[in-house]
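Residue numbers (this note's numbering), protein chains in the order written: chain A, -19 to 644; chain B, 8 to 205.
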């Protein structure tokens, strides 16, 4: 047998894998049978082919017997294809002259009948022996990796990843949708379980981002378009107008004072509508950048064009206000991308029986964070909408979590932040605080101790999911209160507990536009909508798209320490690519036989990696080898059969099929 | 069968917050030996370890939860506190090292002080008779102790005990004498001093 490059000399090896394979497949018989196949020069069985002596065996045989093809029958190629390819290469052959046969997962592990399993092994091996004849020596492609990095999302995850990369000397573009970086963490008062102040630990990192020479920070900006591939992404970023020149504004805030609106009248988004702001404003005192912005929806100048523009007057020396500012598109080239787009909280109004939106004194946990925060709308006082201090507060856990009607997952942080809020509310108001929980989940460092501390503080823990929050009093003692009805499963009684304030501990869910974003970046989502990591355990920050990494809650709910750890890991993964300088690509790519391509374009729309382009002059399809992942869709779809794929050539596949079927 | 349809068969299990007395709960948790109540994580090890929990209306775990929530009536009227035999199995196993036996003692004292037990209920009578006897004579004599408990609770139980008592007396295991230690006065002084402080 020959492929035209001289005679084929195959070395065949069957691995015992201890008893994993040898316990079911008669490996001696298999090796003896393979020796009789034409072109097989060496046929051996060995206890562990993946061991050093096993690999050495292959190398020695290549040298001694002038082998030019290697076939190993062992486990899944996922485990050891690389191992044996390397051994083949060390023996002096192209690693692509190697073929692997999986007789463990596909045979010995799934069959009991030894005789039949041995026969099946022969079929699989025969297929490989026939296929390997047609193998070609291929070359791996190398593409350079740009050292600039794009970080999408400026919460704590994005901030930490950006700073890590910038400190390593790489240039980072940090793109944030809101007017300030900081994300959800900037809204929190304290952080569990240590109770250190969120702003005190976050704002130094925020200002470090602003002043870092290696970071280009774009707020009020969104990624508009992503093209390219690992190492060479072209990204367009849309910078929305702020109507204030970022370079000119020094954050003196005098314009806010001078605004023709004497009173703040507009609902304040940063404080979740609990406070008011003016049309010209800064989200919160420590916002980064320290630059005001104008909301065109409420600014009189935008609405009527007849404003006195007192803001412009007061800013005359710096002239930072520019009503004519336009949207801008920035184009950048980066090698790697870190996604840190975060999460949104569940809309509590989706659970109507908790009365959010119907009863003014039902709050979400994030709103209460703002109430407790000294820079919040009440200056850090926990007061109800009528200005009174609550005497009894109920905290309802698992709102929009662990529920088939909203979200099935546990949001992981709510138990701990509810405990934290219980502590802070008790500290601020000395109210009776009731926690209503299904399970208390405190699986972090210092978390259980924090729970124990809360128990000793005399906070009530009532195990039971709240059935309803109502203002319907069944008893005079409940008049004018919100009544929480719950089964206290610990004391075994249904209870009605009147409170002044209800806090709904809302869960975390993917952003409403997470699916659009994932399409834009060509990454995948889990069924829940969280961005999917390449492997849940062993590649938790990688995505299925090379060069794009995940950090923080866009991948799933997590607390601040885990977010920061993941952001650091994502930065390190990006640095791996940058410092290597290039990536190697498997040569199993598709290619177009130009003479035969009719230019019908049917392959273009099918390619999941947008690797195929249409060459207008030649009127032919063109495949970008760097983008091609070797999925084979175009190969199968091409009506004229003019797309072929390395490692999956027609003759290779036909030989393989014939080999499997030859026993009949 | 018809009985379950009678109105009194339906006890109201709903608890309003006015049924609870959180100050009472806090008072109990402040007692010596009861501090641990607050840190209880309701794992139920105490109930599982307790040899008598299978006879209790409220398991020890549930007693602790009910104390914490301040449902005084439910706690003090439960049989649990009287069934506790002070074997300390719960205390040994408790992962939070709560002195559950001490809690039971505290609740028993609370119930006795408030006379919140059924009339003629033998256990508090026995407890009181035992203490009186020890205070007066320095030691207890089973025959007189049991006799006193029976007379004050239900004398008919003596009929059931008669045969055993006869055998015990015949084999010299039951003394009819009324025992006393020397220097009872000193003991009474010693017992009186901490009581003055309470």
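Quick reminder that beta carbons are idealized off the backbone N, C-alpha and C, glycines included.
Predicted model only: the values in this text are computed from it and were never measured.
Can you look up residue i in the DSSP assignment and give me helix, strand or coil?
i	result
residue 89/B	helix
residue 40/A	helix
residue 124/A	strand
residue 607/A	coil
residue 125/B	coil
residue 41/B	coil
residue 147/A	helix
residue 207/A	strand
residue 150/B	helix
residue 485/A	strand
residue 30/B	helix
residue 310/A	strand
residue 140/B	helix
residue 216/A	strand
Answer with buried or exposed for residue i, where buried requires no fewer than 16 other C-beta atoms within 10 angstroms of its C-beta.
i	result
residue 546/A	buried
residue 219/A	buried
residue 145/A	buried
residue 493/A	exposed
residue 13/A	buried
residue 25/B	exposed
residue 149/B	exposed
residue 573/A	exposed
residue 184/A	exposed
residue 655/A	There is no way to answer for residue 655/A, as the model of chain A reaches only from -19 to 644.
residue 594/A	exposed
residue 306/A	exposed
residue 50/B	exposed
residue 227/A	exposed
residue 198/B	exposed
residue 353/A	buried
residue 480/A	buried
Please name the residue in the options whose C-alpha comes closest to that of residue i.
i	options	result
residue 498/A	464/A, 484/A, 319/A, 626/A	319/A
residue 331/A	386/A, 313/A, 151/A	386/A
residue 654/A	215/A, 101/A, 591/A	Residue 654/A is absent from the structure shown; chain A starts at -19 and stops at 644.
residue 412/A	370/A, 460/A, 304/A, 297/A	370/A
residue 282/A	68/A, 269/A, 293/A, 302/A	302/A
residue 9/A	100/A, 241/A, 80/A	100/A
residue 407/A	437/A, 1/A, 395/A	437/A
residue 104/A	94/A, 80/A, 95/A	80/A
residue 17/A	608/A, 528/A, 102/A, 433/A	102/A
residue -12/A	628/A, 78/A, 2/A, -1/A	78/A
residue 299/A	520/A, 490/A, 527/A, 229/A	229/A
residue 391/A	231/A, 140/A, 486/A	486/A
residue 52/A	-10/A, 97/A, 98/A	-10/A
residue 5/A	21/A, 29/A, 91/A	91/A
residue 47/B	372/A, 637/A, 433/A, 457/A	433/A
residue 365/A	342/A, 384/A, 375/A, 355/A	342/A
residue 467/A	459/A, 477/A, 460/A	477/A
residue 163/B	118/B, 129/B, 80/B, 120/B	129/B
residue 235/A	279/A, 221/A, 197/A	279/A
residue 653/A	580/A, 566/A, 329/A	As displayed, chain A neither begins before -19 nor continues past 644, which places residue 653/A out of reach and without an answer.
residue 0/A	22/A, 19/A, 26/A	26/A
List in chain order: all unbroken alpha helix (DSSP H) runs of 4+ residues lying wholly within the segment 370 to 427 of chain A. Taken in chain order, the complete alpha helix (DSSP H) segments of 4 residues or longer contained in the segment 370 to 427 of chain A are 394 to 409.
Count the CB pairs spanning the segment 365 to 385 of chain A and the segment 263 to 280 of chain A that are closer than 8 Å, and state whether there are at least three. These segments do not touch.
Three or more C-beta pairs closer than 8 Å, one from the segment 91 to 103 of chain B and one from the segment 32 to 40 of chain B: is that the case here? Output reads no: the segment 32 to 40 of chain B does not touch the segment 91 to 103 of chain B.
Okay, do the segment 445 to 464 of chain A and the segment 420 to 434 of chain A touch, 3+ Cβ pairs below 8 Å being the bar? Not touching, per the Cβ criterion.
Could I get the ranges of all uninterrupted alpha helix (DSSP H) runs contained in the segment 218 to 283 of chain A, with 4 residues as the minimum, in chain order? Whole alpha helix (DSSP H) segments, 4+ residues: 234 to 238, 280 to 283.
Ranges of the alpha helix (DSSP H) found wholly within the segment 80 to 130 of chain A, counting only runs of at least 4: At a cut-off of 4 residues, the continuous stretches assigned as alpha helix (DSSP H) that sit fully inside the segment 80 to 130 of chain A are 94 to 112.
Please confirm if the segment 208 to 218 of chain A is in contact with the segment 241 to 261 of chain A, defined as three or more CB-CB distances below 8 Å between the two stretches. The segment 208 to 218 of chain A vs the segment 241 to 261 of chain A: no contact.
With a threshold of 8 Å, are at least 3 pairs of Cβ atoms found where one atom belongs to the segment 148 to 167 of chain A and the other to the segment 583 to 601 of chain A? Segments in contact, no.
Within the segment 556 to 613 of chain A, ranges of the alpha helix (DSSP H) (whole runs, at least 4 residues): List check, alpha helix (DSSP H) in window: 582 to 586.
Could you say if the segment -10 to -1 of chain A and the segment 23 to 35 of chain A meet the contact criterion of at least three C-beta pairs nearer than 8 Å? Under the 8 Å Cβ criterion, the segment -10 to -1 of chain A counts as touching the segment 23 to 35 of chain A, having at least three qualifying pairs.
Contained alpha helix (DSSP H) runs [length at least 4] in the segment -10 to 74 of chain A, N- to C-terminal order: Fully enclosed alpha helix (DSSP H) runs of no fewer than 4 residues occupy 7 to 15, 32 to 45, 57 to 70 of the segment -10 to 74 of chain A, in order along the chain.
Under 8 Å, with one C-beta from each stretch per pair, do the segment 128 to 143 of chain A and the segment 534 to 552 of chain A reach the 3-pair mark? Touching, per the Cβ criterion.
Are three or more beta carbon pairs between the segment 602 to 622 of chain A and the segment 19 to 33 of chain B nearer than 8 Å? These segments do not touch.
Quick check: the segment 27 to 36 of chain B against the segment 64 to 77 of chain B, are at least 3 beta-carbon pairs closer than 8 Å? Segments in contact, yes.
Can you check the segment 316 to 366 of chain A for any alpha helix (DSSP H) of at least 4 residues that lies completely inside it and give the ranges in chain order? As far as the segment 316 to 366 of chain A is concerned, its whole alpha helix (DSSP H) runs of at least 4 residues are 345 to 352.
Please determine if the segment 345 to 364 of chain A and the segment 231 to 244 of chain A are in contact, where contact requires at least 3 C-beta pairs separated by less than 8 Å. No: the two stretches stay apart, fewer than three of their Cβ pairs being nearer than 8 Å.
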